[in-house]
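Participant: Sequential numbering from 712 applies to the sequence shown in the working numbering.
Note that beta-carbon positions come from the ideal geometry of N, C-alpha and C, so glycine has one too.
There's a structure below that I have some questions on.
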Amino acid sequence: MLSIDVFTSDYKPIAAPLPGWDAGQRATWPASTATLVHGRREAVLVDALITEREARDLTEWIRAKDKVLTTVYVTHGHADHFLGLPVVLEAFPDAVAVALPEVVPYAEEQLSGPYLAYWESLFPGLLPARPVVPRPLDGEVIGVDGHEVWPVLVGQSDTDPSSVVHVPDLDAVVGGDVAYNGIHMWLAQTDHAARARWLEALDTVEALRPATVVAGHRHPAAPDDNAASVLAASRRYLIDFDEAVEAGTDATSVMRTMTAKHGDRGNPYTLFASATAQYPDPAAADTGASG
712 MLSIDVFTSD YKPIAAPLPG WDAGQRATWP ASTATLVHGR REAVLVDALI
762 TEREARDLTE WIRAKDKVLT TVYVTHGHAD HFLGLPVVLE AFPDAVAVAL
812 PEVVPYAEEQ LSGPYLAYWE SLFPGLLPAR PVVPRPLDGE VIGVDGHEVW
862 PVLVGQSDTD PSSVVHVPDL DAVVGGDVAY NGIHMWLAQT DHAARARWLE
912 ALDTVEALRP ATVVAGHRHP AAPDDNAASV LAASRRYLID FDEAVEAGTD
962 ATSVMRTMTA KHGDRGNPYT LFASATAQYP DPAAADTGAS G
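Given below as structure tokens:
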């Protein structure tokens, strides 16, 4: 029998918000999850967070489960989901870090100089040394004590390509950034066409008929991981944002509309970055890689 446990890292201050952010408000990175899928003896970790401190907290949390960590699976190429890998692999040297072959080049790109400089500007002095790129997954399935865990390529989320992890034994999907739970969705790297593809990715997840969807960014006080509500809320957010951009004239109007409809979601800085990116200013800083 398999089980799922979720480690949630709380909101984190960032040191270099985009120009135009209200200096009177604290800019934060959204709360993030790392999920342990485990059996009687073995365990697979899905995603590995970003800062050294939270990755070390994650490793202590895993140790307390008293399982053999065999694999760390990375859902997509955004570095806030895998810069913690060297800390995890140091603690569990027999584990391997993998991603789908389609995802690996994007993870490699995130470890290039300009991207690493971007992440360091957000979290100066807080990132682990010697970043690690996940290797391509060999085969289509990951075994956990004789049970099967299936990575599924879904295409677009807040980046493309993205994947989720299907755990059929539990009617569960560990969703990376395909679905968000109680947090503003990162849409800075999307246009109308990308958001339409993202809706198709949600359809792909829904077709797996999960009862549970664990979002890669989940509010620490989110009431549950009910698949129907998480998927419906994510779909509604995408549609509302797309309509707000179409009807709006600038980032402020989009933020006003989305706050009226989704103001209970956490991390308003994400909404600011997403709205600002829809009306690019050549003088503004690159919104780079996030999510």
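Just how far apart, CA to CA, sit G750 and A984?
Facilitator: Distance between the alpha carbons of G750 and A984 is about 40 Å.
Participant: To which residues of the same chain is A996 closer than 7 Å at the C-beta, ignoring the five residues directly before and after it?
Facilitator: With a pLDDT of 39 at A996, under the threshold of 50, the modelled position of that residue is not reliable, and the figure given next carries that caveat. Excluding sequence neighbours, A996 sits near L729, P730.
Participant: Where does P847 fall in DSSP's three states?
Facilitator: Strand.
Participant: Which of the three DSSP states, helix, strand or coil, is assigned to S832?
Facilitator: Three-state DSSP puts S832 in a helix.
Participant: Are the beta-carbon atoms of S823 and E765 separated by less than 8 Å?
Facilitator: Cβ atoms of S823 and E765: not closer than 8 Å.
Participant: Within the present structure, is the beta-carbon of H792 separated from the nearest heavy atom of the ligand FAD by less than 7 Å?
Facilitator: As for the ligand FAD, it is missing from this structure, which has no ligand bound.
Participant: Name the DSSP bridge partner or partners of S945?
Facilitator: DSSP output for S945 lists no bridge partner at all.
Participant: Does the distance from the CB of V924 to the CB of A890 come in under 8 Å?
Facilitator: Yes. Within cutoff.
Participant: Select from K776, F834, Y817, E771 the residue whose C-alpha is nearest the C-alpha of I761.
Facilitator: Comparing Cα-Cα distances from I761 to each of K776, F834, Y817, E771, the minimum goes to F834.
Participant: For the segment 772-843, which segments carrying the alpha helix (DSSP H) assignment without a break, of at least 4 residues, lie completely within its bounds, in sequence order?
Facilitator: Segments of the alpha helix (DSSP H) lying fully in the segment 772-843: 796-802, 815-821, 824-833.
Participant: Which residue marks the beginning of the beta strand (DSSP E) containing H749, and which one marks its end?
Facilitator: Residues 743-749.
Participant: For my contact list, V809 and P847 are in at a C-beta cut-off of 8 Å; report their separation, rounded to the angstrom.
Facilitator: At roughly 7 Å, the Cβ-Cβ gap stays under 8 Å, so V809 and P847 are in contact.
Participant: Using the rule of at least 16 other Cβ atoms within 10 Å of the residue's Cβ for burial, across every protein chain shown, is I853 buried or exposed?
Facilitator: With 16 or more Cβ atoms within 10 Å of its Cβ, I853 is classed as buried.
Participant: Go through the segment 921-972 residue by residue and report every complete run of the beta strand (DSSP E) that reaches 3 residues or more, in order.
Facilitator: With a minimum length of 3 residues, the continuous beta strand (DSSP E) runs that stay inside the segment 921-972 are 923-925.
Participant: Who are the Cβ neighbours of A988 in its own chain at under 8 Å, not counting the five residues just before and after it?
Facilitator: Taken in chain order, the residues that qualify are L898, A899, Q900, T998.
Participant: Return the Cβ separation of P872 and A742 in integer angstroms, given the expectation that the two are a contact with Cβ distance under 8 Å.
Facilitator: That pair is no contact at about 24 Å.
Participant: So is H903 buried or exposed if we call it buried at 16+ other beta carbons inside 10 Å?
Facilitator: Result: exposed.
Participant: Apart from the five residues just before and just after Y990, which ones in its own chain have a Cβ nearer than 6 Å to its Cβ?
Facilitator: So the qualifying residues of the chain are D961, A962.
Participant: Between L769 and F718, how many whole angstroms is the CB-CB distance? I'm expecting something under 8 Å.
Facilitator: With a Cβ gap of about 5 Å, L769 and F718 count as contacting.
Participant: Am I right that A926 and V941 are in contact with their C-beta atoms under 8 Å? What's the rounded C-beta distance?
Facilitator: Going by Cβ atoms, the distance from A926 to V941 rounds to 6 Å, so yes, they are a contact pair.
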